[in-house]
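Below is one structure, written out as structure tokens, with a few remarks after it.
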Amino acid sequence: MRIGLITSEYPHPKVKFAAGIATSIKNLAVTLVKKGVDVTVFVYHQEASTVVHDEGVEIHLIKKESYKLFTWYFYRKFVQNYVNAIVKKKSIDILEAPDWTGITAFMRFKVPLVIRFHGSDAYFCKLDKRQQKFKNFMFEKLALKSASAYVAPTTYAGEETRKIFGLDKKKIKTIHYGLQLQHFVNDKPQEFDTNTILYIGTIIRKKGVLELAEIFNKVIKEKPEAKLVLIGGDSSDIKTGNASTFKLMQDIFSEEAKGQVNYLGGIPYEEVQEHIKKSHVCTYPSFAETLGMVTIESMAMQKPVVNTSIGWAQELIDDGINGYLVHPSDIDSYANRILMLFEDKALCEKIGKNARHKVEETFDIEKNADINIDYYNSIINS
């Protein structure tokens, strides 16, 4: 089988941007290669066009182009023609693309197209209770309607996307993102920096970071020695127009809390694991995800996670067994869960052990890649 994956991000030094979606795509691509599948990745909106190889994956970087008029249309056709040429040259059997911005709207391919619900603009606008631009909605709807089938990382994300765009439920299959578990090993889960809270992700309103600032204020009142470590790039705030969401967090932090916050910004991916190991509790109070890679990465490292309780998170964590689910707006309950874990080392170890088991059962990329292969084959054969 030969597969082409279309994406705007992928973890490679020559790719200008890579976040959680990129990690999930690479985990799948590398594992498919190990299983004998030929994988070609097409990364659009890049600074230059070139071809590189990494861990058996052929990566085509496609330069971002501008046109005097209708760049949104002509660039899509440019990417379409590039991809179709490689599809023909390499006899690629099936293509996969993301739903975000409807990149495949107006594109026509010579093989079946599967769209994976990494999270459309419409999906996030619904969760954020924001008005979406009509143009963006139409691009995403056109792209989705032209696909042969769909993959959802959680049933929640699949159902919400289905309702937004009126998709055929029979064409949607839930296949969770997966981790290469051999890369997420914590040999000494009992060793960590006591009373340290870790957050990983973009500093943006929809991730619940403003609520996290309030939560940390509550924690500091009870545990003045507590520390909050933040990892991720800062972002402008869509609601206030402020250029820095971290600045908004600083305005919320109490004076006591400010002295205990360590904002590291974006750091190399390989360094993130060390911070997970050193943390006492990981926390992700997000309002908008399709799954949340950092949640399952932290669980794989045997960390107790206090997570959002919204929709998708209920497919990641069994509350009170392998982590905790609390709505981000319930500041007191969220803070109390963190404080409870701070006070009970045995509980942290138990939750962490159960979390690792949950990831091994549900988010092992070796198992989930086989499910992907079977699904691709069913689409090709139909």
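Residue 237 in numbering that gives the first Met the number 0 sits at position 238 of the sequence shown; the count goes up by one each step and never skips.
All C-beta atoms in this analysis are idealised placements derived from N, C-alpha and C, irrespective of residue type, glycine included.
It should be emphasised that the depicted structure is a prediction, and the values quoted were computed from it without experimental measurement.
{"Query": "Ignoring anything shorter than 4 residues or poking outside the segment 309-365, list the alpha helix (DSSP H) runs there in chain order.", "Result": "330-341 and 344-361"}
{"Query": "Please tell me whether F16 has its Cβ less than 8 angstroms away from any Cβ of chain B.", "Result": "Judged by its chain identifiers, the structure shown contains no chain B, having just a single protein chain."}
{"Query": "Rounded to the nearest angstrom, how far is the Cβ of H182 from that of L290, given a contact under 8 angstroms?", "Result": "No, H182 and L290 are not in contact; Cβ-Cβ is about 18 angstroms, not under 8 angstroms."}
{"Query": "Cβ atoms of Q131 and D120: under 8 angstroms apart, would you say?", "Result": "yes"}
{"Query": "What three-state label does DSSP hand T103 in the structure shown?", "Result": "coil"}
{"Query": "Going by beta-carbon coordinates alone, are I102 and R75 separated by less than 8 angstroms?", "Result": "yes"}
{"Query": "Can you tell which of V228, L229, I230 and F245 has the C-alpha that lies nearest to the C-alpha of D236?", "Result": "F245"}
{"Query": "Using a Cβ-Cβ cutoff of less than 7 angstroms, which residues in the same chain neighbour N367 once the five nearest sequence positions on both sides are dropped?", "Result": "I174, H175 and G177"}
{"Query": "Considering just the uninterrupted stretch of the beta strand (DSSP E) at D98, what are its terminal residues?", "Result": "Neither: D98 is in no beta strand (DSSP E) and is coded neither H nor E."}
{"Query": "Could you tell me which uninterrupted alpha helix (DSSP H) segments, each at least 4 residues in length, are contained entirely in the segment 149-229, listed from first to last along the chain?", "Result": "154-164 and 208-221"}
{"Query": "For I91, does the three-state DSSP call read helix, strand or coil?", "Result": "coil"}
{"Query": "Can you list, in chain order, the residues of its chain whose CB lies under 7 angstroms from that of V325, leaving out five sequence neighbours each side?", "Result": "V305, S308, S332, Y333 and R336"}
{"Query": "With burial defined as no fewer than 16 other Cβ atoms inside 10 Å of the residue's Cβ, what is the status of K98: buried or exposed?", "Result": "It should be noted that the sequence gives Asp, not Lys, for residue 98. Under this definition D98 is a buried residue."}
{"Query": "Is the separation between the beta-carbon of R1 and that of S90 shorter than 8 angstroms?", "Result": "yes"}
{"Query": "Indicate whether the contact test is met: 3 or more Cβ pairs, each with one atom in the segment 275-295 and one in the segment 251-261, closer than 8 angstroms.", "Result": "no"}
{"Query": "Going by DSSP, what residues sit across from V50 in a beta bridge?", "Result": "H59"}
{"Query": "Report yes if the C-beta distance between A225 and I196 is below 8 angstroms; otherwise report no.", "Result": "yes"}
{"Query": "Hey, would you say A104 sits closer than 8 angstroms to A148, going by beta carbons?", "Result": "no"}
{"Query": "Which of the three DSSP states is assigned to H11 in this structure?", "Result": "coil"}
{"Query": "Assuming F123 and K238 are in contact, meaning their beta carbons sit under 8 angstroms apart, how far apart are those beta carbons, in whole angstroms?", "Result": "Between K238 and F123 the Cβ distance is about 14 angstroms, and since that is not below 8 angstroms, they are no contact."}
{"Query": "Residues in the same chain with beta-carbon distance under 7 angstroms from A256, minus the five sequence neighbours each way, listed in chain order, please.", "Result": "F215, N216 and I219"}
{"Query": "Are I251 and I230 touching if we call contact CB-CB under 8 angstroms?", "Result": "no"}
{"Query": "What residue range does the beta strand (DSSP E) around Y262 cover?", "Result": "V260 to G264"}
{"Query": "Under a Cβ-count criterion, where at least 16 other Cβ atoms within 10 Å of its own Cβ denotes burial, should E364 be classed as buried or exposed?", "Result": "One point to set straight first is that residue 364 is Ile, not Glu, in the sequence displayed. The residue in question, I364, is buried, as its Cβ has 16 or more Cβ neighbours within 10 Å."}
{"Query": "With DSSP as the reference, label T239 as helix, strand or coil.", "Result": "coil"}
{"Query": "Alpha carbon to alpha carbon, what distance is there between Q79 and M106?", "Result": "6 angstroms"}
{"Query": "DSSP state of Q131, grouped into three classes?", "Result": "coil"}
{"Query": "If Q45 sits next to K15, beta carbons under 8 angstroms apart, how far is it from one beta carbon to the other, in whole angstroms?", "Result": "6 angstroms"}
{"Query": "Is H117 helix, strand or coil by DSSP?", "Result": "coil"}
{"Query": "L112 bridges to which residues according to DSSP?", "Result": "L94"}
{"Query": "Considering only the beta carbon of each residue, do T39 and H59 sit closer than 8 angstroms?", "Result": "yes"}
{"Query": "Give the straight-line distance between the Cα atoms of T201 and G264, rounded to the nearest whole angstrom.", "Result": "9 angstroms"}
{"Query": "With DSSP as the reference, please indicate the residues paired to V29 in a beta bridge.", "Result": "None, per the DSSP bridge assignment."}
{"Query": "Tell me, please, which residues DSSP counts as bridged to V280.", "Result": "I196"}
{"Query": "Do you know how far the Cα of K170 is from the Cα of R355?", "Result": "31 angstroms"}
{"Query": "Taking the C-alpha atoms as reference points, what is the distance between A18 and K222?", "Result": "32 angstroms"}
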